[in-house]
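Enquirer:
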Amino acid sequence: MPMVWVPSLMQKLTDGQAHVEVEGETVRQVIENLDAAFPGFKARVCDENDRLRHDVAVAVDGEVSSEGMRRKVKPDSEVNFLPALAGG
Amino acid sequence: MVDKNGNYKVIGTRPIRHDGTEKVTGQAIYGGDTRFPGMLYGHVLRSPHAHARVKSIDTSKAEALEGVRAVVTGADFPPTTADDMIDLGEGPTSLKSMRGNVLALDKVFYKGHAVAGVAAINAHIADEAIALIEVEYEVLPPVLDVRQAMEDNATLLHENMTTTAFGEDTGKKSNVSLHLNHVLGDPDAAFASAAVVVEREFTTATVHQGYIEPQNATAMWKTDGHLTVWTSTQGAFTTQKQLGAVLDHPISKTKVVPQEIGGGFGGKIPVYLEPVAALLSRKTNKPVKLIMTRADVFEGTGPTPGSYVRVKLGANKDGKLVAGEAYMAFESGGYPGSPMPCGVMCVFGCYEIPNGRIDGFDVVVNKPRSFAYRAPCSTQVALATETVMDEIAEQLGLDRLQFRLDNIAAEGTRRVDGMVYPRIGARETLEAIRDSEHWQAALTGDNQGRGISIGYWFNVGLKSAVTASVNKDGTVNLVEGSTDIGGSRTSIAMQFAEVVGLAAEDINPQVGDTSSIGYTDVTGGSRTTYATGWAAYEAAHDVIRQMRERAAKLWECEDDQVEFDDGIFRHSGDAAKKYNFKELANELDETGGPVVGNGTVDPASGVGGSFAANIADVEVDLETGKVGIARFTVVQDAGKAIHPSYVEGQMQGGSVQGIGWALNEEYFYTDDGNMANSTFLDYRIPTALDLPMIEPIIVEVPNPGHPFGVRGVGEANIAPPPAAIANAIYQAVGVRLRELPMRPERVVAALQAQAAGG
Amino acid sequence: MSKVHIQTKINGEEVEFLCEPRQSLLEILREGLGFTGTKEGCNDGNCGACSCTVDGVLIDSCLMLAVEAEGKEIATVEGLASSEGLHPVQQKFLEHAALQCGICTPGFLVAAKALIDHNPDPSEHEVRHWLAGNLCRCTGYDKIVRAVIDAAQEVRASA
Chain H
170 MPMVWVPSLM QKLTDGQAHV EVEGETVRQV IENLDAAFPG FKARVCDEND
220 RLRHDVAVAV DGEVSSEGMR RKVKPDSEVN FLPALAGG
Chain U
35 MVDKNGNYKV IGTRPIRHDG TEKVTGQAIY GGDTRFPGML YGHVLRSPHA
85 HARVKSIDTS KAEALEGVRA VVTGADFPPT TADDMIDLGE GPTSLKSMRG
135 NVLALDKVFY KGHAVAGVAA INAHIADEAI ALIEVEYEVL PPVLDVRQAM
185 EDNATLLHEN MTTTAFGEDT GKKSNVSLHL NHVLGDPDAA FASAAVVVER
235 EFTTATVHQG YIEPQNATAM WKTDGHLTVW TSTQGAFTTQ KQLGAVLDHP
285 ISKTKVVPQE IGGGFGGKIP VYLEPVAALL SRKTNKPVKL IMTRADVFEG
335 TGPTPGSYVR VKLGANKDGK LVAGEAYMAF ESGGYPGSPM PCGVMCVFGC
385 YEIPNGRIDG FDVVVNKPRS FAYRAPCSTQ VALATETVMD EIAEQLGLDR
435 LQFRLDNIAA EGTRRVDGMV YPRIGARETL EAIRDSEHWQ AALTGDNQGR
485 GISIGYWFNV GLKSAVTASV NKDGTVNLVE GSTDIGGSRT SIAMQFAEVV
535 GLAAEDINPQ VGDTSSIGYT DVTGGSRTTY ATGWAAYEAA HDVIRQMRER
585 AAKLWECEDD QVEFDDGIFR HSGDAAKKYN FKELANELDE TGGPVVGNGT
635 VDPASGVGGS FAANIADVEV DLETGKVGIA RFTVVQDAGK AIHPSYVEGQ
685 MQGGSVQGIG WALNEEYFYT DDGNMANSTF LDYRIPTALD LPMIEPIIVE
735 VPNPGHPFGV RGVGEANIAP PPAAIANAIY QAVGVRLREL PMRPERVVAA
785 LQAQAAGG
Chain W
28 MSKVHIQTKI NGEEVEFLCE PRQSLLEILR EGLGFTGTKE GCNDGNCGAC
78 SCTVDGVLID SCLMLAVEAE GKEIATVEGL ASSEGLHPVQ QKFLEHAALQ
128 CGICTPGFLV AAKALIDHNP DPSEHEVRHW LAGNLCRCTG YDKIVRAVID
178 AAQEVRASA
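Line order of the protein sequences matches chains H, U and W.
Per our numbering, the first sequence runs over residues 170 to 257.
Per our numbering, the second sequence runs over residues 35 to 792.
Per our numbering, the third sequence runs over residues 28 to 186.
(1) Taking the DSSP output, what are the residues bridged to Asp599/U?
(2) Quick one: is Glu232/H near chain U, going by C-beta distance under 8 Å?
(3) Does any residue of chain H bring its CB to less than 8 Å from the CB of Phe200/U?
(4) For Leu281/U, does the count of other Cβ atoms within 10 angstroms reach 16, so buried, or fall short, so exposed?
(5) Name the chain U residues whose beta carbon is nearer than 9 Å to that of Ala206/H?
(6) Going by DSSP, what residues sit across from Arg718/U in a beta bridge?
(7) When you check each C-beta in the segment 162 to 181 of chain W against every C-beta of chain U, which residues fall closer than 9 Å?
(8) Does DSSP put Arg155/W in a helix, in a strand, or in coil?
(9) For Gly259/U, count neighbouring Cβ atoms within 10 angstroms of its own Cβ and tell me buried if that reaches 16, exposed if not.
(10) Under the assumption that Ser639/U contacts Gly739/U (Cβ atoms under 8 Å), give the Cβ distance between them as a whole number of angstroms.
(11) Just reading off the alpha helix (DSSP H) that Cys376/U is part of, what are its end residues?
(12) Closer than 8 Å, CB to CB, is Pro244/H near chain U or not?
(13) What residues from the segment 68 to 100 of chain W come within 8 Å of chain U, judged by C-beta to C-beta, listed N to C?
(14) For Thr237/U, report the span of its alpha helix (DSSP H) as first-last.
(15) May I ask which residues mark the beginning and end of the alpha helix (DSSP H) holding Glu122/W?
(16) Would you mind giving the Cβ-Cβ distance between Ala794/U and Phe530/U, rounded to the nearest angstrom? I have them listed as a contact below 8 Å.
(17) Taking 8 Å as the threshold (C-beta atoms), are Gly134/W and Ala76/W in contact?
(18) Which one or two residues does DSSP pair with Leu174/U in a beta bridge?
(19) Kindly provide the ranges of any alpha helix (DSSP H) runs that are 4 or more residues long and lie completely inside the segment 322 to 394 of chain U, ordered along the chain.
(20) Would you say the segment 189 to 203 of chain U touches the segment 155 to 168 of chain U, given that touching needs at least three Cβ pairs under 8 Å?
(21) List the endpoints of the continuous alpha helix (DSSP H) containing Val180/U.
(22) Would you please verify whether the beta carbon of Pro156/W is less than 8 Å from any beta carbon of chain U?
(23) Taking 8 Å as the CB-CB cut-off, is Leu99/U touching chain W?
(24) Near Gly662/U, what residues of its chain come up, given a Cβ to Cβ distance below 7 Å and the 5 sequence neighbours on each side ignored?
(25) Measuring straight from C-alpha to C-alpha, what distance separates Glu100/U and Pro82/U?
(26) Is Cys89/W helix, strand or coil when you go by DSSP?
(27) Under a CB-based cut-off of 8 Å, is Glu201/H close to chain U?
(28) Take Gln580/U and list the residues in its own chain whose beta-carbon comes closer than 7 Å to its own, dropping the five residues that flank it on each side.
(29) Any beta carbon from chain H within less than 8 Å of Pro175/U's own beta carbon?
(30) Once you ignore the five residues that flank Ala130/W on each side, which residues in its own chain have a CB closer than 6 Å to its CB?
(31) With a threshold of 16 other CB atoms inside 10 Å of the CB of Asp623/U, please say whether the residue is buried or exposed.
(32) Pull out every residue of the segment 451 to 476 of chain U whose Cβ sits closer than 8 Å to any Cβ of chain H, in chain order.
(33) Any beta carbon from chain C within less than 8 Å of Val214/H's own beta carbon?
(34) Report yes or no: do the segment 160 to 167 of chain W and the segment 93 to 110 of chain W share at least 3 C-beta pairs separated by less than 8 Å?
(35) If you measure beta-carbon to beta-carbon, which residues of the segment 124 to 135 of chain W are closer than 7 Å to chain U?
(36) So Asn620/U contacts chain H; which residues on that side make the cut at Cβ distance below 7 Å?
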């Protein structure tokens, strides 16, 4: 099952857990399933248009993805939520 | 592409850049060089106060001055409410912040904050006119220190701003706009078990990117509503989006034509003058050009944040890091949104640290709204981590280079923020330090010391588009959307040339405007050679595919009977039938329309970070405290250096910016929030006389996420220099400085304290 | 403000223009005469992007009033190349990749030529000292210094 690393500032929502295993074949499904188990999770990472908040990036297996919610997730994948960044 | 020895034909060579002749003859047109019939010239009135409410603005005397054609203020923007948010692709930004920073709305937040713009028949009259604008201010106390700004009883810059913590509004009114926190493992337990723990505090002053060309913008707002802006920008499309947001003007009627640009380093991504020029043009129905004065550049653009950083590292007796803790507060200036999250990502980015905690704070203060400066916030955090690393090595009696090697991050290392590294070149970068001639060489004078450091930048990918048109003579016109700050159009052309089997000189690269090429993100983030080069690679393959089809027509065979290898199109069934690229291009007339190839990218993964390391030999004058650089080496992992001269140039340029940041550059503030040194005389960047040669060593650990293995190199090289110099000063004279800049009187004070037994 | 009529020579050609007394030579070159190769970086004599020579002397044109050009010979970056090709300093800057954004380059080229005219065999230190009045933010100066030393050698060899 994919493993989600929960940002420490959101661990209040997941009863203090730093890692949560949750089903899903895409980032969208993972988030939906997280929200079902821990209500309020989705609102922290998604906007009202059902897309990732633009100040949030998602990394799957160590790579920040530009595909957002569509990104596929494997059964042994690791999913991280990070602040979205650029450079100068 | 590669020859029998696995060498590329074009990649790795050093052709003359395609825009070279016009740049050395003065013929290249930069944004300040535009001229149009009837053009007006403008200037901007700026706040003399660091923090004030704007009660009223009376522009009547300015408008009455002979030669003045228009005056604009924040009132000329469409109405803005406090909640309007706009997304420009890099995160939601408050529209009020965006507009307010271009022309103040109800408050000014820093000395130099733009308040009004004037257009006149010449720049001198515009200058006289701004002195005639009467602004009534209610002056408020300025907040000038990041830690003071964070205190509970601090004056608030934005009365309704609350702290957000990873998507959650805490509801607490504060000058802290954002708090980030990451935890890995159990740092408290790990510190408790460590053999050595060192915790230190650091402060760094505001510094500016220091590009020699001031910001400029020329705008023509036609009566049919079409707006064209000519400007020196790091991203025409980003400028277009910002104009659309600030002016509430459709992108379909906004064209940005990027001019040659005289330096950016991140500072020419935001708009400053463009919307003002546009508004003035709309009022006058004439082209209007604005250019910033040097003082305007210092006081009214986006320097990098000053900071307070605290780093604690713990190691066991065998020299393995067991825990790291970092606290960092960055000054975002008058509006929120500093690059603090980048500092959070980079602070421990070079090492394997199994337990860690990082807290980052974005804090408003009454200084110019900060913006990105070359690997933003990585320099400040590298100063902290790399000097603490030296202290731990010393306390454990370990060689400081070996200590770093024993803890260096590698593929599979998990950072404190949770990310796991792919193949990276951190170890190879340090090994190149170890194996360098400089590291083996003796020091050359008294009071000299040698310091080392390593820094990291993650780099970005983002979107690029390239179009390639084949000419009859076998040359190719390449249109791309990345403005060229440092020779990138050549590196992009070289990647195209490599694929199709042409010489770099056979490619004619051009930077397009927003009407002539597909959307392309900024030239920044170390992305240009990587992503736009990749788009060129894709366009090259598209061209090859089309050319194969054309050869098939000429040979009257099937497409799949045409092979392309090593620059030659061959008929798989007839060895006599072959063309090189130029020969086939010459025959295309009979085969259909023009051959035009396209490539667009938005790399979903595989960007690949870059590590840069320094050896700095310093010489300290015990009497004056002046620190000279006796010798300096920079090593950087480029993945694959497309044009080694320009890779070396990035490494050298970033190193020298870092040296200036370390020793001399700062915004020197008076108590009422005035920058006292807003000239190149007193904001003293390094000159040729201050420096030795900067010795570059390119390491190539190919990035598996790019067709040629490229890693962006533009930025990481500015991270390590201050730490290397601080470490070197300690080696030379036994004092540690933890404030930037390490200016002479601070060195003297430290030496005196040391002599007094401190 | 009534204008003054100035007659001067720029890059070997007779030029005349009208200017206000308050206008700098830099402003007249760029705005009045179209010699936009000379650049403005600071307008107070600290960056050298506006470097020109006046009767062979290297100056910052932002610090000279246009009216002072009367009867003088001005040389700008536009005068370096000839129909035969680039001046060695220009060619060496390209070969050494001694420019990145290029905004400081015209000033450096004029300054470098003035150095070589004055001192045909400068040491690295002499080059750095002479060029200390020209600021570059992109290159770190390394490749600029190499290019100038190489150009001086080329000029000596072809003399």
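Yeah, the Cβ is synthetic: ideal placement off N, Cα and C, and Gly gets one too.
Expert: Looking at the atomic coordinates:
(1) Ile602/U
(2) yes
(3) yes
(4) buried
(5) Within 9 Å Cβ-Cβ: nothing; Ala206/H doesn't reach chain U, min ~18 Å.
(6) Arg718/U is not bridged to any residue.
(7) Leu162, Cys163, Arg164, Cys165, Thr166, Gly167, Tyr168, Asp169, Lys170, Ile171, Val172, Arg173
(8) helix
(9) exposed
(10) 6 Å
(11) 374 to 380
(12) no
(13) Gly68, Cys69, Asn70, Asp71, Asn73, Cys74, Ala76
(14) Premise fails: Thr237/U lies in the beta strand (DSSP E), 230 to 238, not in any alpha helix (DSSP H).
(15) 115 to 122
(16) This structure cannot speak to residue 794/U, because chain U is shown only from 35 to 792.
(17) yes
(18) BP columns for Leu174/U are empty, so no partner.
(19) 328 to 334, 374 to 380
(20) no
(21) 180 to 184
(22) Reading off the sequence, residue 156/W comes out as His, not Pro. With 8 Å as the cut-off, His156/W counts as an interface residue toward chain U.
(23) no
(24) Val652, Glu653
(25) 25 Å
(26) helix
(27) no
(28) Val629, Gly631
(29) no
(30) The question names Ala, yet the displayed sequence has Ile at residue 130/W. Answer for Ile130/W: Lys66, listed in chain order.
(31) exposed
(32) Asp451, Gly452, Met453, Val454, Tyr455, Pro456
(33) Of the protein chains in this structure, namely H, U and W, none is chain C.
(34) no
(35) Ala124, Leu126, Gln127, Cys128, Gly129, Ile130, Cys131, Thr132, Pro133
(36) Simply none; closest approach about 40 Å.
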